[in-house]
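Presented below is the structure to which this report refers.
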Amino acid sequence: MYYVYLLKSLKDNNYYIGQTKDVPKRLTRHNSGQVISTKARRPLKLIGYRAFDSRSEARWVEHELKNHSDKKKKFIEKLIAAGFNGGLRLGEPLARRASGSERG
Numbered sequence: 008m009y010y011v012y013l014l015k016s017l018k019d020n021n022y023y024i025g026q027t028k029d030v031p032k033r034l035t036r037h038n039s040g041q042v043i044s045t046k047a048r049r050p051l052k053l054i055g056y057r058a059f060d061s062r063s064e065a066r067w068v069e070h071e072l073k074n075h076s077d078k079k080k081k082f083i084e085k086l087i088a089a090g091f092n093g094g095l096r097l098g099e100p101l102a103r104r105a106s107g108s109e110r111g
């Protein structure tokens with residue numbers, strides 16, 4: 008399984024979206040300053056994550072969320088509205104548009 012996760016900076020209240028195979032380990036790396044893109048924004052809190060069967064699927068969703076602010080906003084709102092408790096897994100995963108070709 009691969010995961011797309013959402014973090015919130017407790018320093019500046021901004022959000023960060025990423026993908027990983029191991030959410031707890033990745034959160035530890037973020038909070039220990041080992042991830043350049045979030046090092047100055049520590050501490051970070053895990054808001055939630057969603058599981059995907061393949062890395063290519065998780066990477067595609069991460070890309071879509073990072074590059075389309077309307078999708079990112081909806082994803083964040085869904086996680087918050089669901090009353091998350093750290094490691095929330097939402098029921099219906101975000102899905103790739105039917106295209107017939109695999110990105111990866």
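Following our numbering, the residues of the sequence shown are numbered contiguously, the last one being 111.
Built from N, CA and C at the ideal position, the CB exists for glycine as well.
Residues near Leu51 in its chain [Cβ-Cβ closer than 8 angstroms; skip 5 each side]:
Leu14, Lys15, Ser16, Leu17, Tyr23, Leu34, His37, Asn38 and Thr45
Excluding sequence positions up to five away, which residues of its chain have a Cβ less than 6 angstroms from the Cβ of Met8?
Ala58
Measuring only the C-alpha atoms, how far is Gly81 from His75?
Here residue 81 is Lys; the residue named in the question, Gly, does not match the sequence. Straight-line Cα distance between these residues: approximately 10 angstroms.
Going by Cα to Cα distance, which pick from Asn20, Asp19 and Gln26 is closest to Ser4?
No statement about residue 4 is possible, as the shown extent of the chain runs from 8 to 111 and does not include it.
Beta-carbon proximity check, Val30 vs Tyr10, cutoff 7 angstroms:
yes
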